[in-house]
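Engineer: Handing you a structure now.
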Amino acid sequence: MSSGWFHALGIFGLAFIFVVGTWRAINLGALSLVMVFLLGGLLMREDLAMLWRGFPIDLLILLVGVTYLFGVAAANGTVERLVSAASRRVEHRRVWIPWIVFLLAAMPTMAGALGSAAAALVAPIALRLAERCSLDRRMIGLMVLHGVASGNFSPLNPLGIIVIQGTERAGLELSAGALFVANIAYNVLLGVVIFLWFGGLRLARENAGRFSAVPAGRESQSPLRADQVCTVMSLVAITIAALAFDLNIGILAMTAAVCLQLTFRRTSAGGERKIAWDVVLLVCGIVTYVALLQRHGTVDMIGDSIAALDSPLLGALLICAVGATTSAFASSAGILGAMILLAAPFMLQGGVGVTGFVIALAISSTVVDSSPFSTAGALVVANASEGERENVYRGLLAWAGLMVLSAPLLSWLLFVVLG
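Taken in order, the sequence shown gives residues 284 to 702; the numbers are from the working numbering.
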C-alpha cells in the first residue's frame, strides 16, 4: 500500500474512532486496538510483536498505580474524612461556599483522582448545600467542575501523567511545574468569572447567611484511624518523592496501595475494583494506534502539513481549537493522549515553545469538561434536584459553548504568543 493511501486511511480511522466512540458509547481504546489490527496487521502485514511495540507499558503502570491508590483511599474513608474536615473550616458565610466547594473539588484530583471520581464525591454534597443556602446551583456546579479541573495536571493525576509521559515519549522537554501552576491559575480565573457572573458581589455584601457546612449527624468526628493516617502519609510521601526525587509515581503508588491492603485488609477491601480500567484501556489503545501512525509516517505528515502553513502560531491555535471542540464531546484523556503525540512533529520544529503550547492545549482540552456531555458535567446535572435539573443543564451547556470558543484563543494568546 502506498504511503498516501495509508495516511488517508490512518487519519480517517482516527476520526472514525472518535465519532463512533462518542456516538455509540464504545470505549475509544478498544476501537483503537481494533483499528491497529486492521490497518497494521491486515493492510501493512505487521506481525504481533510489531503491532504491540507501541503499547505504552509505562503509562499503564502509572495509571493503574495511581487510580489503585486512590481507590484504597476512597474505600477506607480517607477521602471522605478529608473533605468533611475541610468543610468544617468554613466561616459560616454564604460568600465563602463557592470557594470552599472549588477547593474541596480540587483536593481529590490533586491527590490522583480522575475528574469524574472527584465530581461524584463532591457534587452531591455541594449541590445540597447550595439548595439549603439558596445559592445558584449553576454557580456551584461550575465551581465543582473547575475545581476538579484545577487539579488535573498534578503529578499524581492521570491527566498530568498522560501529558508528561506523552511529551517525554516524543523526546520533548516540558516543565511539569509550569503546567500545574498555569492550569490552576487559569481555572481560578474562570472561578472568579463564574462567581461574579452568578451573583458573587451580592453575596459579598451580605452580613447574614449562616449555615452548617457539615451534613447533619456529622458535626463531630473521631480522629483519623491508623489506616487513614497511613493513607494520608502515603499520598504526601509519593508527592514528595515524585517532585523532589523524580521517582516512578506508578510503582510508588501501586506499592503503597498493596501495603495498605495487606496491613489494613478489612477497611481497604475493594480498593482494587476502583482502578480506572476504562481509562487505562482508552489511553493505552489510542497511544498504540497513534504509534502505528508514527511508524508509517502519518504523524510526521500531519506535522509537516501544519508547518506548511508558514505560521507556527496559527498551527498552534488550530491544534488547540481541535482539542477543545472534540474534548467537549469525548474523553479529555483520550483527546490529550492523541493530540500530544500528533502535535509532536510540529513542536519538534521549534516554531513555538513546547511548554507554552502544551499548557494551551491541555487547558483547551480540559476546561470544556464543564459540558453536560462530559462525565463530570453529567454527574453535576444528575445530582441537581428535579426542579433545577433543566436549569443546571442549560447553564452548563451555555458555559461549555463559551469555553469551546474562548479557551483555545485565550490560552493560545497567554501561553504561546505572550508566553
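All residues carry an ideal CB built from backbone N, CA and C; glycine is no exception. What you are looking at is a predicted structure, and each value in this text was computed from that prediction instead of being measured.
Are there 16 or more other CB atoms within 10 angstroms of the CB of R420, so buried, or fewer, so exposed?
Structural biologist: Taking the first residue of the sequence shown as position 1, residue 420 is located at position 137. It is buried - the Cβ of R420 has at least 16 other Cβ atoms within 10 Å.
Engineer: How long is the line joining the alpha carbons of G424 and M327, rounded to whole angstroms?
Structural biologist: For the purposes of this step, residue 424 is taken as the residue at position 141 of the sequence shown. For the purposes of this step, residue 327 is taken as the residue at position 44 of the sequence shown. For G424 and M327, the distance between alpha carbons rounds to 48 Å.
Engineer: Helix, strand or coil for Q632 per DSSP?
Structural biologist: Mapped onto the sequence shown, residue 632 falls at position 349. Reduced to three states, the DSSP call for Q632 is coil.
Engineer: Could you give the first and the last residue of the continuous alpha helix (DSSP H) run that contains S399?
Structural biologist: As a first step, residue 399 must be located in the sequence shown, where it is residue number 116. It spans 398-415 - the alpha helix (DSSP H) in which S399 sits, taken as one unbroken run.
Engineer: Among A540, L631, M426, L644, which has the Cα closest to the Cα of C555?
Structural biologist: Taking the sequence shown and counting its residues from 1, the one referred to as residue 555 is at position 272. A quick correction: the sequence has Glu, not Cys, at residue 555. Closest by alpha carbon: A540.
Engineer: Just mark V566 as buried or exposed, buried being the case when its beta carbon has 16 or more other beta carbons within 10 Å.
Structural biologist: The residue labelled residue 566 in the question sits at position 283 within the sequence shown. Classification for V566: buried.
Engineer: Roughly how many whole angstroms lie between the Cα atoms of A616 and T546?
Structural biologist: If you number the sequence shown from 1, residue 616 lands on position 333. If you number the sequence shown from 1, residue 546 lands on position 263. Taking the straight line from one Cα to the other gives about 33 Å.
Engineer: Using CA atoms only, rank isn't needed, just tell me which of E451, F698, G460, L331 is closest to L600.
Structural biologist: Translated into the one-based positions of the sequence shown, residue 600 becomes position 317. Nearest of E451, F698, G460, L331 to L600, Cα basis: F698.
Engineer: Of all the options R364, V431, I383, G580, which has the alpha carbon lying nearest to the alpha carbon of M226?
Structural biologist: Nothing in the structure corresponds to residue 226, since the chain is present only between 284 and 702.
Engineer: Quick one: is A499 buried, meaning 16 or more other Cβ sit within 10 Å of its Cβ, or exposed?
Structural biologist: Position 216 of the sequence shown, counted from the start, is the residue given in the question as residue 499. Model confidence at A499 stands at a pLDDT of 47, short of 50, so the residue's coordinates are unreliable and nothing is read from them.
Engineer: Report, in whole angstroms, the separation of the C-beta atoms of I558 and G354, which I expect to be a contact under 8 Å.
Structural biologist: Taking the first residue of the sequence shown as position 1, residue 558 is located at position 275. Taking the first residue of the sequence shown as position 1, residue 354 is located at position 71. With a Cβ gap of about 6 Å, I558 and G354 count as contacting.
Engineer: Taking DSSP as the reference, what is the three-state secondary structure of A496?
Structural biologist: Within the sequence shown, residue 496 is the residue found at index 213, counting from 1. Annotation note: pLDDT 49 at A496 (below 50); position unreliable, no value reported.
Engineer: To the nearest angstrom, how far is the alpha carbon of A509 from that of T649?
Structural biologist: As a position in the sequence shown, residue 509 is number 226, starting the count at 1. As a position in the sequence shown, residue 649 is number 366, starting the count at 1. Going by the C-alpha atoms only, they are around 36 Å apart.
Engineer: Please state whether DSSP places N241 in a helix, a strand or coil.
Structural biologist: Only positions 284 to 702 of the chain appear in this structure, which leaves residue 241 out of reach.
Engineer: When you compare only the Cα positions, how much space is there between L331 and G324?
Structural biologist: On the sequence shown, residue 331 is found 48 positions in, with the first residue counted as 1. On the sequence shown, residue 324 is found 41 positions in, with the first residue counted as 1. For L331 and G324, the distance between alpha carbons rounds to 8 Å.
Engineer: Nearest to N714 by alpha carbon, out of S458, G398, T658, T608?
Structural biologist: Nothing in the structure corresponds to residue 714, since the chain is present only between 284 and 702.
Engineer: In the DSSP assignment, find the unbroken alpha helix (DSSP H) run with S610 in it and report its ends.
Structural biologist: Looking up residue 610 in the sequence shown gives position 327. Note, S610: alpha helix (DSSP H), 595-610.
Engineer: Decide if M516 is buried, meaning its Cβ has at least 16 other Cβ atoms within 10 Å, or exposed.
Structural biologist: Position 233 of the sequence shown, counting from 1, holds the residue named residue 516. That one is exposed.
Engineer: Going by CA-CA distance only, name the one from M686, L462, A358, A389 that's closest to A703.
Structural biologist: The first residue shown for the chain is 284 and the last is 702, placing residue 703 beyond what the model contains.
Engineer: Ends of the alpha helix (DSSP H) at E677?
Structural biologist: For the purposes of this step, residue 677 is taken as residue 394 along the sequence shown, with counting starting at 1. It should be pointed out that residue 677 corresponds to Arg in this sequence rather than to Glu. 672-694 is the span of the alpha helix (DSSP H), which, as asked, contains R677.
Engineer: If you draw a straight line from the C-alpha of Q577 to the C-alpha of I447, how long is it?
Structural biologist: By one-based count along the sequence shown, residue 577 stands at place 294. By one-based count along the sequence shown, residue 447 stands at place 164. Cα to Cα, Q577 sits roughly 19 Å from I447.
Engineer: From R411, A626, Y351, V347, pick the residue whose C-alpha is nearest to that of I380; which is it?
Structural biologist: For the purposes of this step, residue 380 is taken as residue 97 along the sequence shown, with counting starting at 1. Per the Cα distances, R411.
Engineer: Does G553 pass the burial test, meaning 16 or more other C-beta atoms within 10 Å, or should it be called exposed?
Structural biologist: If you number the sequence shown from 1, residue 553 lands on position 270. Result: exposed.
Engineer: Spell out a yes or no on whether the region 674-692 and the region 654-663 are touching, meaning 3 or more CB-CB pairs, one atom from each, closer than 8 Å.
Structural biologist: The answer is yes - the region 654-663 touches the region 674-692, with three or more Cβ pairs under 8 Å.
Engineer: Alpha carbon to alpha carbon, how far is V562 from A468? Give it in angstroms, no decimals.
Structural biologist: Start at 1 with the first residue of the sequence shown, and residue 468 comes out as number 185. Start at 1 with the first residue of the sequence shown, and residue 562 comes out as number 279. Taking the straight line joining both Cα atoms gives about 26 Å.
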